[in-house]
Structures are given as C-alpha cells and as structure tokens.
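Line by line, the protein sequences are chains A and B. The UniProt record's numbering applies: residue 1 is where the first sequence begins, and numbers increase by one. The UniProt record's numbering applies: residue 1 is where the second sequence begins, and numbers increase by one. Think of the CB as a built atom: it goes at the ideal place given N, C-alpha and C, for glycine as much as any other residue. Here's the structure, in structure tokens; my notes come after.
Protein chains: 2
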Amino acid sequence: MDFKTEFKPLTIQPQEIEEKSFEMITEELGEHSFTEDQYPVVQRVIHASADFELGRSLVFHPDAIESGIAAIRRGEKVIADVQMVQVGISKERIYKYGGDVNVYISDPDVVEEAKRLNTTRAIISMRKALREAEGGIYAIGNAPTALLELIRLVKEGLAKPSLIIGMPVGFVSAAESKDELLKLDIPYITNIGRKGGSTIVVAALNAISIMADKRA
Amino acid sequence: MDFKTEFKPLTIQPQEIEEKSFEMITEELGEHSFTEDQYPVVQRVIHASADFELGRSLVFHPDAIESGIAAIRRGEKVIADVQMVQVGISKERIYKYGGDVNVYISDPDVVEEAKRLNTTRAIISMRKALREAEGGIYAIGNAPTALLELIRLVKEGLAKPSLIIGMPVGFVSAAESKDELLKLDIPYITNIGRKGGSTIVVAALNAISIMADKRA
C-alpha cells in the first residue's frame with residue numbers, strides 16, 4: 001500500500017492513554033464515598049462509559065470485591081448473560097487461575113427449552129449455568145429476565161454465586177431487577193437506575209480480575 | 001432441578017418489551033430535530049444506553065442513512081473495530097443480502113505488523129480492512145486510533161467507506177477523533193463528546209439493517 005503522508009509511530013502508548021484517562025477520572029469525579037477496594041471498579045466503569053452519573057450510581061454489597069477476588073483466584077467460572085459480555089472480558093487473568101468465561105444463551109438445548117416453556121433464552125441460560133458452575137461470578141449486562149431468574153434461584157437456595165455483577169440496561173424491568181438484587185444479602189455489584197450494559201459489566205469484572213491478579 | 005416456587009411463563013413477550021421501551025423513549029425524548037430516517041437510530045441508541053443526552057448528541061451526515069441502507073442491500077461488508085462490536089451486530093439481516101461482519105484486530109498478521117511498527121493493532125486492522133472490503137460500513141465503538149487512521153485513509157483517497165459509524169468512548173482522543181470525522185464529507189454517524197462505545201455502535205448499525213430489510 002502506498003501512503004502519501006508519512007506513517008507516524010505512536011508518540012503516546014496505549015498504557016499511557018489509560019493512565020492519563022484514569023487521572024482525569026479521579027480529578028473530575030472529586031469526592032465520593034466508595035472504599036479503596038471499590039474505587040477501581042467505579043473508575044473503570046466511568047472509563048468505559050464516560051458517564052460520571054453512571055459511576056456514582058454503583059452500589060456494592062460489602063463483601064463484593066473480596067468475594068469476587070477470591071472466586072477468580074480459586075478458578076471459579078464466570079457466567080455471562082450475552083456473548084458481548086463473554087468476548088469483552090479479559091480472559092488471561094481468568095484462565096491463569098484455572099477459570100473460564102461461559103455464555104449459554106445460544107446453546108441449542110437452551111434455545112429449545114426456552115421455546116418449550118414459552119420463556120426467554122436468558123432465563124433458561126441461568127438455569128443451565130447452575131448445572132455447569134459451582135459458585136461462580138455472574139456478569140449480567142443485558143437481560144433483566146436473566147437477573148430476575150438468578151435472584152429467584154438464589155432465594156430458593158439453588159444458586160450460590162460468589163458474586164453477581166448485575167447491571168442490565170433498559171426501560172422495562174432493568175431498574176426493577178436491580179432493586180430486587182439490592183435486597184439480597186449475597187455479594188453483588190449493581191447500580192441504581194436504567195443505565196448499565198455489556199461494556200459496563202465487562203469493565204467492572206476486568207477491574208476485579210486486575211485486583212485479583214495483583215494479590216500476592 | 002426441583003423448584004419450590006412455580007415457574008411462570010412470560011406474561012410479557014420480548015417483542016412487547018421492546019415496543020413499550022420505544023414508546024417510553026419517544027415520549028420522554030420529546031422534541032428533537034432528527035429526520036424521520038435518522039430517528040430509528042437515535043431511538044435504538046437511547047434504548048441501548050438509557051441515556052437521552054447521548055441520543056441527543058448524535059450527528060448524521062445527510063447521506064448517512066441512505067448510503068448505509070444501500071450498502072447493506074448491496075451485500076457490502078461491515079468492519080468492526082473490536083470483537084464486542086462484531087458479536088453484537090445482528091447478523092441475519094447482513095447475511096441475507098450477502099454481506100458479512102468482520103473484525104481484524106486479533107488477526108496474527110495484524111498483531112505482528114503492529115508490533116513491528118510500534119503502533120496499535122486497531123490502526124493496522126483498519127489498513128487490513130482496506131484490502132479485504134470494497135466500500136463497506138465501518139463500525140468503530142472502542143478505538144479512537146482506529147477512527148483516526150480510517151479518517152487519514154479517507155483523506156488520502158485510499159478508503160471509500162459507504163458509511164462510518166464512529167463513536168469510540170473515552171477520555172483521551174475519543175471526542176477529538178469524532179471532531180475530525182465531522183470534517184469529512186462522506187456518510188458518517190457520530191456524536192459529540194466522550195460518550196459512545198461498542199453497544200452504542202451496535203445499536204446504530206442494527207437500526208440501519210432493520211431499515212434496510214424493510215425496504216421493498
């Protein structure tokens with residue numbers, strides 16, 4: 001290929017861009033009441049959304065960070081509600097400890113079962129996850145029905161997640177599903193309101209896996 | 001699996017949830033100056049973000065929608081900057097007209113070339129796209145460097161995209177890359193400011209493929 005203008009190598013490296021971004025976030029966010037362990041999650045969520053309102057809306061169960069870190073270091077599975085979450089998660093730091101990142105929503109048995117029961121594939125995928133994962137970190141960024149089903153399974157004593165990152169986005173059921181999550185006394189990370197989404201959940205999980213990897 | 005509570009089939013179907021959400025968005029958005037053809041993109045972006053500010057920040061080149069629709073119906077390729085965008089795009093309506101959705105950022109030759117030139121894989125993936133796609137729709141939700149490189153290639157007359165959907169998110173270079181895109185007289189969809197991201201770009205493209213599929 002023939003370029004008229006000279007190709008310039010990078011004068012600023014990706015790592016520097018990230019560091020600079022994080023500095024800007026800390027400066028612009030100003031005062032907040034997140035703990036030192038929660039803050040990296042907030043920072044990375046703002047980094048992924050450029051939305052301080054969303055960052056400030058995060059709510060952490062007191063055990064969320066520690067339980068998430070421990071689960072990653074034990075090699076527990078990460079279960080994503082949709083493929084966008086599955087591909088977005090940095091795998092290296094999950095694989096390193098023996099874990100994996102799974103998504104069941106497009107599995108043929110899930111599709112078939114959802115049709116048979118006249119329900120969503122998201123719901124059935126949460127039931128399948130129960131059979132596939134012990135404990136586990138559930139990363140739900142898209143489907144309120146998945147989060148509501150998981151909450152139901154927790155209440156029934158059938159699911160015992162090490163961490164639920166539940167931040168589906170949307171106008172119908174999303175905020176309500178998060179309100180239900182807030183009532184549970186198990187480790188969760190969520191936010192108040194309609195905002196959220198796959199990139200947000202990915203950012204939160206990646207922040208936790210970075211912390212897990214830094215532990216001695 | 002034995003459930004204590006009875007499993008309830010859906011009383012509201014996914015299709016109804018989407019319709020209800022779209023009604024809420026139209027009602028809450030109120031007055032705006034988008035055209036009839038642009039509005040479905042705005043609506044779907046707000047649906048994916050629950051962020052009216054982001055929706056209102058969208059900017060369309062006057063030929064964007066028509067050129068995007070025509071490209072899909074001609075079976076042109078969609079090029080995504082990252083895998084999250086690639087997996088998020090609804091493929092049926094792209095495949096139906098002979099198109100495909102590609103992402104080159106993790107290809108071994110791209111990784112190697114980026115190392116050799118001390119630059120980002122995102123930049124090199126845009127150069128590879130030139131060799132792989134005629135015209136094409138570029139969907140860039142993550143990497144400002146990809147968008148800036150694509151703009152450079154357009155200016156040099158090497159790239160002639162049918163549509164650029166350029167909405168990378170971030171604190172360093174993202175808003176600036178969009179300002180550069182706004183200066184081009186080729187079909188684009190972008191937004192003002194730092195916000196954006198993979199889910200936003202996916203929403204915009206899916207809105208266009210739905211419109212393409214509705215054309216007689």
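**N- and C-terminal bounds of the beta strand (DSSP E) containing TYR138 (chain B)** = As a first step, residue 138 (chain B) is located in the second sequence; it is residue number 138 there, counting from the start. Run containing TYR138 (chain B): 137-140, per the beta strand (DSSP E) assignment.
**Request:** Thinking ALA159 (chain B) and LEU150 (chain B) are a contact (beta carbons under 8 Å), I'd like their distance in whole angstroms, please.
**Result:** Position 159 of the second sequence, counting from 1, holds the residue named residue 159 (chain B). Position 150 of the second sequence, counting from 1, holds the residue named residue 150 (chain B). About 6 Å separates the two Cβ atoms, so the contact holds.
**Prompt:** Hey, GLY195 (chain B) and SER57 (chain B) are a contact pair by Cβ (cut 8 Å); roughly how many whole angstroms apart?
**Reply:** Here residue 195 (chain B) corresponds to residue number 195 of the second sequence, with the count starting at 1. Here residue 57 (chain B) corresponds to residue number 57 of the second sequence, with the count starting at 1. Reading the sequence as shown, one finds Lys at residue 195 (chain B) and not Gly. With a Cβ gap of about 7 Å, LYS195 (chain B) and SER57 (chain B) count as contacting.
**Request:** Just the C-alpha distance for ALA207 (chain B) and GLN86 (chain A), rounded to the nearest angstrom, thanks.
**Result:** For the purposes of this step, residue 207 (chain B) is identified with residue 207 of the second sequence, where counting begins at 1. For the purposes of this step, residue 86 (chain A) is identified with residue 86 of the first sequence, where counting begins at 1. As the crow flies, the alpha-carbon of ALA207 (chain B) is around 23 Å from that of GLN86 (chain A).
**Request:** Please report the Cβ distance between ILE17 (chain B) and LEU29 (chain B), rounded to the nearest whole angstrom; I am assuming they are in contact, meaning their Cβ atoms lie under 8 Å.
**Result:** For this step, residue 17 (chain B) is matched to residue 17 along the second sequence. For this step, residue 29 (chain B) is matched to residue 29 along the second sequence. The pair is not a contact, with the Cβ atoms about 18 Å apart (cut-off 8 Å).
**Message:** Only counting the same chain, and skipping five residues up and downstream in sequence, which positions put a Cβ closer than 7 Å to that of PHE171 (chain B)?
**Reply:** As a working note, residue 171 (chain B) is residue 171 in the second sequence. Excluding residues within five positions, the ones whose Cβ falls inside 7 Å are ARG194.
**Prompt:** So MET167 (chain B) packs on PRO40 (chain B), CB below 8 Å; how close in whole Å?
**Reply:** Position 167 of the second sequence, counted from the first residue, corresponds to residue 167 (chain B). Position 40 of the second sequence, counted from the first residue, corresponds to residue 40 (chain B). Here MET167 (chain B) is actually not in contact with PRO40 (chain B); their C-beta atoms are around 16 Å apart, not less than 8 Å.
**Item:** Other residues of its chain near residue 217 (chain A): CB distance less than 7 Å, five sequence neighbours each side excluded
**Value:** Residue 217 (chain A) lies beyond the stretch modelled for chain A, which goes from 1 to 216, so this question has no answer here.
**Prompt:** Which residue from B:THR199, B:ARG74 and B:VAL82 puts its Cα closest to that of GLY135 (chain B)?
**Reply:** Here residue 135 (chain B) is taken as the residue at index 135 of the second sequence, counted from 1. Out of B:THR199, B:ARG74 and B:VAL82, B:ARG74 has the C-alpha closest to the C-alpha of GLY135 (chain B).
**Message:** One question on the structure: do VAL202 (chain A) and ILE140 (chain A) come within less than 9 Å of each other, judged by their Cβ atoms?
**Reply:** Indexing the first sequence from 1 puts residue 202 (chain A) at position 202. Indexing the first sequence from 1 puts residue 140 (chain A) at position 140. Their beta carbons are not under 9 Å apart, which means VAL202 (chain A) does not touch ILE140 (chain A) by this criterion.
**Message:** If the cut-off is 7 Å on Cβ atoms, which residues from the region 179-210 of chain B count as contacting chain A, listed in chain order?
**Reply:** Result list: ARG194, LYS195, GLY197, SER198 and THR199.
**Message:** Does LEU163 (chain A) come out as helix, strand or coil in the three-state DSSP assignment?
**Reply:** Within the first sequence, residue 163 (chain A) is the residue found at index 163, counting from 1. Strand.
**Prompt:** Taking the beta strand (DSSP E) that THR190 (chain B) falls in, what are its first and last residues?
**Reply:** Start at 1 with the first residue of the second sequence, and residue 190 (chain B) comes out as number 190. Looking at the DSSP string, the run of the beta strand (DSSP E) that includes THR190 (chain B) is 188-191.
**Item:** Span of the alpha helix (DSSP H), counted from its first residue to its last, around PHE22 (chain B)
**Value:** Indexing the second sequence from 1 puts residue 22 (chain B) at position 22. Per DSSP, PHE22 (chain B) belongs to the alpha helix (DSSP H) from 14-29.
**Request:** Name, in chain order, the residues that DSSP records as bridge partners for VAL101 (chain A).
**Result:** Taking the first residue of the first sequence as position 1, residue 101 (chain A) is located at position 101. DSSP lists A:VAL78 as partners of VAL101 (chain A).
**Message:** What are the residues in the region 13-27 of chain B lying within 8 Å of chain A by C-beta distance?
**Reply:** Cβ contacts with chain A come from PRO14, ILE17, LYS20, SER21, MET24 and ILE25.
**Request:** Can you grab the Cα-Cα spacing for the pair VAL42 (chain A) / ALA204 (chain A), in whole Å?
**Result:** The residue labelled residue 42 (chain A) in the question sits at position 42 within the first sequence. The residue labelled residue 204 (chain A) in the question sits at position 204 within the first sequence. Roughly 7 Å separates the two Cα atoms.
**Item:** Whole-number beta carbon distance between VAL101 (chain B) and LYS91 (chain B), since they are thought to touch under 8 Å
**Value:** Sequence index remark: in the second sequence, residue 91 (chain B) carries index 91 (1-based). Sequence index remark: in the second sequence, residue 101 (chain B) carries index 101 (1-based). Right, the Cβ-Cβ distance comes to about 6 Å (below 8 Å), so this counts as a contact.
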